[in-house]
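Chains as they are written, first to last, in this note's numbering: chain C, 31 to 375; chain L, 31 to 375.
Glycine included, each C-beta is placed from N, C-alpha and C at the ideal position.
Step one of this worksheet: look at the structure below.
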């Protein structure tokens, strides 16, 4: 690999500079993406390997990123599970048959990735060819809690009433649901490993609606099972365990496993790393909204994150969550260049 | 006062039982409230002292609560500030002239509560008569950051792009805006103290979108000024400093002041109290969504919160945030009765 700084950072090895990639780095803030979006729906783009590959490459061609992440969505496994999904313009994902009762849970099908998401695996292969060993490619999945919440709520949610309803009912249904989703995620990630991705990330964007005890009881065991099984299957592929709003129980999040812990901006990076332990790499954690301020301010705040990492091996610079729609492209470029320059060893 | 357990808990004195009240205890989950809501808009209800008093009393008449909180909204000061507001059915608050530039900030008027929110002060007086010394009445305000966010975003927000935009621009505008809002809040709370409320609470529901350093720089100094000035003015009125999603920097939130720290369910109550220090009382912190589960489950999870308080003086039982629409009324009653029974000294 021409630039393996990202992989080396995942393993806490020496690097030439702090590697940087940005969650949702391929997306609506880029005009190249919007040009494609004029012609295809979001799901069409995901399901057409050539387009998914092209979108994955857009930020790679525009910026000096240290990793690519396959263009996909955490909800792609749903179709194969028998859950009907669409992306409504301006409204985000909408599930037409949310899972609410035991019969719904029983009806969930465990996917066969080669049959159910062949387009994703093909997109990974195409992208690997396109990347030609320049930088690594990251595959990903939603974590069990976040995926379960989507499936049960039927879309975005404020209070997670339905998901927590099943959870707190404490009658075995939550476990049944999570066991099935966990199995789906394990297969989904193993298939991406087989297709050749060089790293994997779990996104647990919604799990922070739980308190620590609820996380321990209702989310952690399933996330842990995913990571344990995928790591046993593909021990050499670094695994990033990312969640948001879990700053009060990073110690628990760590118990779920992963080589790299992804943290959001609600906790200072040095304190987070201290609490997690320096036996893990860490990814993060600038507030994505900083990218809307001046380039000087962006540099100042990115430097502050790098200062907290203090040049220690095992830091991957990223935002604390995905890039926000409307982020100026030249600000993204300035950020990436600054991280490289400022962190040059 | 017939039942002053709440006030004694605020001062960390002995109590007969752990006092309990619930944020948003007067509201849409009660049929008595919905009957009034058929006839009046939300703002009409707030602006008519007799109705605001009636709504405040609805949960007091239905449950054995240890405190009442005046029926009002954190956005009531806006009209006097020259900011046009309405509550759109199903959509929540909508501000028609959000504050986005220096001229908008300059145009903000500092309110005179006796002229601008006379109805609120009258509602407090009516309610005090109605309560007749049975339990204390809490007055409240939004905290500076939360109020600023509303005013700048123009309503609810996902990423706080506009508010953080002013904040990160770092050109003096954020300070100017926050100074004015802080002055408004100080006057608003002092007027409620004058009207006779026996406790005050600041709601900082949105400040958890900030990281610790940003909280320290952009929110804490203003919240602290509010609490310092109001406490100097009315030293005998207990002050509750409540925020959500700030579990990673409770130590900073404490620096802002207050006799009681309100915490949400993302942190275990005993750990939160330990970090804050036992020289403060603590309020919280059951997940409001637990109220949708069975009464057995509610009792179990409420007991778990009480167990973490371990009978220590200074715990006020509450939810970690407001009651959610659709919460079953009999579950609320069961919770309140259980807290009393379980915590009886």
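query                                                                                                                        : result
Own chain, CB closer than 7 Å to residue 331/C, minus 5 neighbours either side, in chain order                               : 316, 320
CB of residue 200/C within 9 Å of CB of residue 43/L, strictly                                                               : no
Nearest-angstrom Cα separation, counted from residue 36/L out to residue 343/L                                               : 11 Å
Whole-number beta carbon distance between residue 300/C and residue 340/C, since they are thought to touch under 8 Å         : 7 Å
Below-9 Å beta-carbon distance, residue 322/C vs any chain L residue                                                         : yes
Cβ shell of residue 361/C (< 7 Å), same chain only, five flanking positions each side left out                               : 321, 325, 328
Any chain C beta carbon closer than 9 Å to residue 348/L                                                                     : no
3-residue-minimum beta strand (DSSP E) runs that sit fully inside the stretch 309-373 of chain C, ordered along the chain    : 311-316, 345-349
Contact test: residue 258/C Cβ vs the ligand FAD heavy atom, cutoff 8 Å                                                      : This structure lacks the ligand FAD; in fact it carries no ligand of any kind.
When 370/L, 171/L, 89/L are compared against residue 213/L, the one with the closest alpha-carbon                            : 171/L
Sufficient close CB pairs (3 or more, under 8 Å) joining the stretch 145-163 of chain L to the stretch 74-87 of chain L      : yes
Beta-carbon separation (whole angstroms), residue 269/L vs residue 261/L, contact threshold 8 Å                              : 6 Å
According to DSSP, residues forming a beta bridge with residue 11/L                                                          : No statement about residue 11/L is possible, as the shown extent of chain L runs from 31 to 375 and does not include it.
Contact between the stretch 95-104 of chain C and the stretch 45-53 of chain C (3+ Cβ pairs under 8 Å)                       : yes
Distance between residue 306/C and residue 338/L (C-alpha atoms, nearest Å)                                                  : 24 Å
Short CB-CB distance (under 9 Å) between residue 380/C and chain L                                                           : Summary: the structure shown does not reach residue 380/C, with chain C confined to residues 31 through 375, and so no result is reported for it.
Bridge partners - residue 290/C, DSSP secondary structure assignment                                                         : 270/C, 311/C
Stretch-stretch touch, CB-based, cutoff 8 Å, three pairs: the stretch 250-261 of chain C with the stretch 281-297 of chain C : yes
Pair within 9 Å by beta-carbon distance, residue 297/L and residue 278/C                                                     : yes
Same chain only: Cβ atoms within 6 Å of residue 126/C, ignoring 5 sequence neighbours per side                               : 114
Cβ neighbour criterion (16 or more within 10 Å) applied to residue 250/C                                                     : buried
Residue 241/L - DSSP class collapsed to helix/strand/coil                                                                    : coil
Beta-carbon neighbours of residue 190/C, restricted to chain L and to distances below 8 Å                                    : 319
Min CB distance residue 243/C to chain L below 9 Å                                                                           : yes
Within chain C, the residues that residue 327/L reaches when beta carbons sit closer than 8 Å                                : 198, 199, 200
Chain B contact for residue 283/C (CB, 9 Å cutoff)                                                                           : Among the chains of the structure shown, chain B does not appear; the protein chains present are C and L.
Buried or exposed by the 16-neighbour rule on C-beta atoms within 10 Å, applied to residue 210/L                             : buried
Near-chain C residues of the stretch 123-152 of chain L (beta-carbon distance less than 8 Å), N- to C-terminal order         : none
Sheet register partners of residue 229/L (DSSP bridge)                                                                       : 168/L
Spatial distance of residue 371/C from residue 102/L (CA atoms)                                                              : 52 Å
For residue 99/L: DSSP bridge partner residues                                                                               : 168/L
Neighbour list for residue 194/C in chain L, Cβ cutoff strictly below 9 Å                                                    : 317, 319, 320, 322, 323
Best match in 57/L, 293/L, 163/L for proximity to residue 33/L [C-alpha to C-alpha]                                          : 163/L
Rounded straight-line distance, which links the Cα of residue 204/L to that of residue 197/L                                 : 5 Å
CA-to-CA distance, residue 238/C to residue 56/L, given in whole angstroms                                                   : 27 Å
Helix, strand or coil at residue 50/L [DSSP, three-state]                                                                    : strand
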